[in-house]
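S.K.: Below you'll find the structure I mean.
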Amino acid sequence: MNTTIMKASIKKELWEFNGMLTWVPVTLAGVFIFIPLLGVLLNGVDMKELLIGLENLSQFQSSDRISEVFFVSAIALFSPFIAIGFIVQVYYFVTCLFDERRDQSVMFWRSLPVSDKMTIASKVLTGAIVIPVIFFGAATLLMLLILVLAVIACSVLSIGFDISLWGMLAGADIISGVGYIWLTLVPIAIWLLPLYSWLMLASIYANKAPFLWAVLPIVALLVIEGIVVHYLHLSQPFFGHFLMDYFSMTPEHLTDVSVDQDRSRSATLWMLISQIDYRTVLVSAALLLSTYWVRVNKQES
Amino acid sequence: MTSLISVNNVSKSFGRKQVLTSVNFSVNAGQIVGLVGPNGAGKTTCLQAILGLTDFDGDISVLGHHPRKDRVNMLNDVAYIADVAILPKWLKVSQALSYMQDIHKNFNLEKAQEFLAKTNIALTDKVKALSKGMVAQLHLALILAIDAKVLILDEPTLGLDILTRRQFYNHLLEDFYNEDKCIVVTTHQIEEIEHILTDVAFIQQGQIVLAQSTEEIKQRFNIVAVANEQLPQADELNPLFKNSMMGLTTMLFDNQDKETLQSLGKVSVPSLADVFVGVMNKETC
Chain A
1 MNTTIMKASI
11 KKELWEFNGM
21 LTWVPVTLAG
31 VFIFIPLLGV
41 LLNGVDMKEL
51 LIGLENLSQF
61 QSSDRISEVF
71 FVSAIALFSP
81 FIAIGFIVQV
91 YYFVTCLFDE
101 RRDQSVMFWR
111 SLPVSDKMTI
121 ASKVLTGAIV
131 IPVIFFGAAT
141 LLMLLILVLA
151 VIACSVLSIG
161 FDISLWGMLA
171 GADIISGVGY
181 IWLTLVPIAI
191 WLLPLYSWLM
201 LASIYANKAP
211 FLWAVLPIVA
221 LLVIEGIVVH
231 YLHLSQPFFG
241 HFLMDYFSMT
251 PEHLTDVSVD
261 QDRSRSATLW
271 MLISQIDYRT
281 VLVSAALLLS
291 TYWVRVNKQE
301 S
Chain B
1 MTSLISVNNV
11 SKSFGRKQVL
21 TSVNFSVNAG
31 QIVGLVGPNG
41 AGKTTCLQAI
51 LGLTDFDGDI
61 SVLGHHPRKD
71 RVNMLNDVAY
81 IADVAILPKW
91 LKVSQALSYM
101 QDIHKNFNLE
111 KAQEFLAKTN
121 IALTDKVKAL
131 SKGMVAQLHL
141 ALILAIDAKV
151 LILDEPTLGL
161 DILTRRQFYN
171 HLLEDFYNED
181 KCIVVTTHQI
191 EEIEHILTDV
201 AFIQQGQIVL
211 AQSTEEIKQR
221 FNIVAVANEQ
231 LPQADELNPL
241 FKNSMMGLTT
251 MLFDNQDKET
261 LQSLGKVSVP
271 SLADVFVGVM
281 NKETC
């Protein structure tokens, strides 16, 4: 029953944010498809030069760096989806508990036999996992579309122009490249869980302007801490340093991790995993418990 | 009779403001109780305490469940309609039915669909496209299909026209109510639901000032049209309320001998609204 309720709760979240979760990835994919097409239509294509270029390219298809090039291209394709998806996630977390209180529908939801724990958990799962899955999925579908076009192009080139790029496609190591990108989904979600939890707390606490409630206390704390550090001549601000250290992704974070430095694919994954530590657990747990407490105890009428 | 809701010595305050003070009442199977009081009397807080939506001091038992400690299990057999506006605007009717079926073990999809088929509501409609009356009907359809044992209604027909209000209560009686269930309802339009109530509880400044069956209330209170020359004698009987209009004074009496009252003027049975006004104005009379 709990699994059914969790599924139903996540489905409900997707219904509520259906417009945003459908149109943003579709529009983004559309931009990726139509901007190159527009470029081709406006500037035209010099077929002769293109064929020469492709023929030159076919000389390198046996290179062992093909898979690396493909991986970098895949990251370039996924990055805008991950970045825009993150903005959507932030919007979702800021509004997911605020909107239902603003329109008073929280009274309806809380009159049904779904526990507050289940509600909070379903919202965390939706925002941290399901929304990224939608954006990763959109990027993957776009990549598949591009690969289908690439297969068609390879067929045309090999049949019509005797240029073979099949080796390039075969050496790209597509599945493992995309697989590595997908593997970062859960570590990113866990790493950013303190942020998501904080946004949920702002969402459930604020009576107005939840985004300001999410931002202003942090800014105020940083400014006050900065002033205190300056006047007391302390070495460095604790809170500011904590935020900088936790959320910055620098190569030095890799030094502790025993990975094969050459394997750039796994480097990002290991870097993300190395960011997750006791702070992730403590801060997330404290903020999620606070969100749950406010949910249970705040009078809504 | 089985007591489905039992409220014992319940108090609640928001900061220094005392909202409920030692509230006691119980609701048995078969009862339809009107919880009536002026704005800010504590009606909604009392209902929210019963539903486990707010904390409280004292003891409440709903179908044997503690509303705060066992809220989810309790809500399998308790339904609640707060205000017509509380269904989210983005929700589609089909989604509401699907969600209810997934999360509520007592939800009967066919029953909800049957009810909706009698209305102008389509499964593809979104709540934001429905009128207030239709939203109330949709909410009622969801609640009726739960077949709950306890139904809590907090101003359920607020803002609806009189036809929709009557339709709402008719459906409630025909499609929901039976002698194994109970309904607790708060409303400002007490005269409209007077005929369906079996009991009333008047609440004032967080305290229950009167809780009785409507039959007992009709026997206990009398309204008398007193002629001007009888006013001094009538005043001696401590009327709860008096109202002078066009040379005639009507007075509400509590627990007075009928024969004595008949000697003062024409005696009639007061409406619950008359009794409510009388009881609420007792101190100012």
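Chains as they are written, first to last, in the working numbering: chain A, 1 to 301; chain B, 1 to 285.
Beta carbons are placed, not taken as given, at the ideal position from N, Cα and C, and that holds for glycine.
#1: Look at the Cβ atom of Pro-88 (chain B), then the Cβ atom of Ser-105 (chain A), and state whether they are nearer than 8 Å.
#2: Does the beta carbon of Tyr-99 (chain B) come closer than 8 Å to any beta carbon on chain A?
#3: Does DSSP put Lys-7 (chain A) in a helix, in a strand, or in coil?
#4: Classify Trp-191 (chain A): buried if its beta carbon has 16 or more other beta carbons within 10 angstroms, exposed otherwise.
#5: What would DSSP say about Glu-16 (chain A), mapped onto helix, strand or coil?
#6: According to DSSP, simplified to helix, strand and coil, what is Tyr-80 (chain B)?
#7: So Asn-9 (chain B) packs on Gly-58 (chain B), CB below 8 Å; how close in whole Å?
#8: Does Glu-100 (chain A) pass the burial test, meaning 16 or more other C-beta atoms within 10 Å, or should it be called exposed?
#9: Does the region 140-157 of chain B come close enough to the region 175-186 of chain B that 3 or more CB-CB pairs lie under 8 Å?
#10: Interface residues of chain B around Gln-299 (chain A) at Cβ under 7 Å?
#11: Flag Ala-82 (chain B) as yes if its beta-carbon sits less than 8 Å from any beta-carbon of chain A, otherwise no.
#12: So, at 8 Å on beta carbons, what are the nonlocal neighbours of His-233 (chain A) in its own chain, with the 5 sequence-adjacent residues on each side left out?
#13: What three-state label does DSSP hand Ala-206 (chain A) in the structure shown?
#14: By the three-class DSSP mapping on this structure, what secondary structure does Ser-284 (chain A) have?
#15: Looking only at its chain, what residues have a beta carbon closer than 7 Å to the beta carbon of Asn-281 (chain B), apart from the 5 residues adjacent to it on each side?
#16: Leaving out five residues before and five after Arg-71 (chain B) in sequence, what residues of the same chain have Cβ atoms less than 7 Å from its Cβ?
#17: Under 8 Å, do Pro-239 (chain B) and Phe-253 (chain B) count as touching if we go by C-beta distance?
#18: Roughly how many angstroms lie between the CA atoms of Asp-102 (chain B) and Ala-8 (chain A), to the nearest whole one?
#19: With 9 Å as the limit, tell me which residues of the region 96-114 of chain A have their beta carbon closer than that to any beta carbon of chain B; keep them in chain order.
#20: May I ask you to report which of helix, strand or coil DSSP gives Gly-159 (chain B)?
#21: Going by DSSP, what residue range makes up the beta strand (DSSP E) through Leu-20 (chain B)?
#22: For Glu-16 (chain A), return the contacting residues in chain B, with the cut-off set at a CB-CB distance below 9 Å.
#23: What separation, rounded to the nearest whole angstrom, lies between the Cα atoms of Asp-173 (chain B) and Leu-75 (chain B)?
#24: Got a sec, what are the start and stop residues for the alpha helix (DSSP H) Leu-109 (chain B) sits in?
#25: For Phe-81 (chain A), which option in A:Leu-37, A:Glu-49, A:Leu-50, A:Thr-22 has the closest C-alpha, if you only look at C-alpha atoms?
#26: Hey, is Ser-128 (chain A)'s beta-carbon within less than 8 Å of any beta-carbon in chain B?
#27: For Gln-299 (chain A), which residues from the same chain have a beta carbon less than 8 Å from its beta carbon, with the 5 sequence-adjacent residues on both sides left out?
#28: Could you say which of A:Gly-85, A:Phe-238, A:Phe-17, A:Leu-216 lies nearest to Arg-226 (chain A) if we only look at CA atoms?
#29: Which residues in chain A sit within 7 Å of Ile-208 (chain B), going by Cβ to Cβ distance?
M.R.: Reading it off the structure:
#1: One thing to note: Pro-88 (chain B) has its Cβ within 8 Å of the Cβ of Ser-105 (chain A).
#2: True, the Cβ-Cβ gap to chain A drops below 8 Å.
#3: Shown here, Lys-7 (chain A) sits in a helix according to DSSP, grouped into three states.
#4: By the neighbour-count criterion, in which 16 or more other beta carbons inside 10 Å mark a residue as buried, Trp-191 (chain A) falls on the buried side.
#5: Three-state DSSP puts Glu-16 (chain A) in a helix.
#6: Strand.
#7: Your pair Asn-9 (chain B) and Gly-58 (chain B) checks out as a contact, with CB atoms roughly 4 Å apart and the cut at 8 Å.
#8: That one is buried.
#9: Short answer: they touch.
#10: The contact set of Gln-299 (chain A) on chain B, defined by CB atoms closer than 7 Å, consists of Thr-54 in chain order.
#11: Yes, contact with chain A.
#12: Around His-233 (chain A): no qualifying Cβ.
#13: The DSSP-derived three-state label of Ala-206 (chain A) is coil.
#14: Shown here, Ser-284 (chain A) sits in a helix according to DSSP, grouped into three states.
#15: Excluding its 5 nearest sequence neighbours in each direction, Asn-281 (chain B) has C-beta neighbours in its own chain below 7 Å: Phe-241, listed in chain order.
#16: The residues Gly-52, in chain order, have a CB closer than 7 Å to that of Arg-71 (chain B) in the same chain once the five nearest residues on each side in sequence are set aside.
#17: Cβ distance < 8 Å, so Pro-239 (chain B) and Phe-253 (chain B) count as in contact.
#18: Rounded to whole angstroms, Asp-102 (chain B) to Ala-8 (chain A) spans 6 Å at the Cα level.
#19: Listed in sequence order: Asp-99, Glu-100, Asp-103, Gln-104, Ser-105, Val-106, Met-107, Phe-108, Trp-109, Arg-110, Ser-111, Leu-112, Pro-113, Val-114.
#20: Of the three classes helix, strand and coil, the one that applies to Gly-159 (chain B) here is coil, per DSSP.
#21: Annotation: the continuous beta strand (DSSP E) that includes Leu-20 (chain B) extends over 17-28.
#22: The answer, in chain order, is Pro-88, Trp-90, Leu-91.
#23: The question names Asp, yet the displayed sequence has Leu at residue 173 (chain B). For Leu-173 (chain B) and Leu-75 (chain B), the gap between their C-alpha atoms comes out near 21 Å.
#24: Counting along the chain, the unbroken alpha helix (DSSP H) around Leu-109 (chain B) starts and ends at 109-117.
#25: Taking each of A:Leu-37, A:Glu-49, A:Leu-50, A:Thr-22 in turn and checking the Cα distance to Phe-81 (chain A), the smallest one comes out for A:Thr-22.
#26: Checking the displayed sequence, the identity of residue 128 (chain A) turns out to be Ala instead of Ser. Chain B, which has no Cβ nearer than 8 Å to the Cβ of Ala-128 (chain A), makes this no.
#27: Hits under 8 Å: none found.
#28: Per the sequence presented here, residue 226 (chain A) reads as Gly, with Arg not at that position. Checking every option, the nearest Cα to that of Gly-226 (chain A) belongs to A:Phe-238.
#29: Going along chain A, no residue has its Cβ under 7 Å from Ile-208 (chain B), so there is no contact; the nearest lies around 20 Å.
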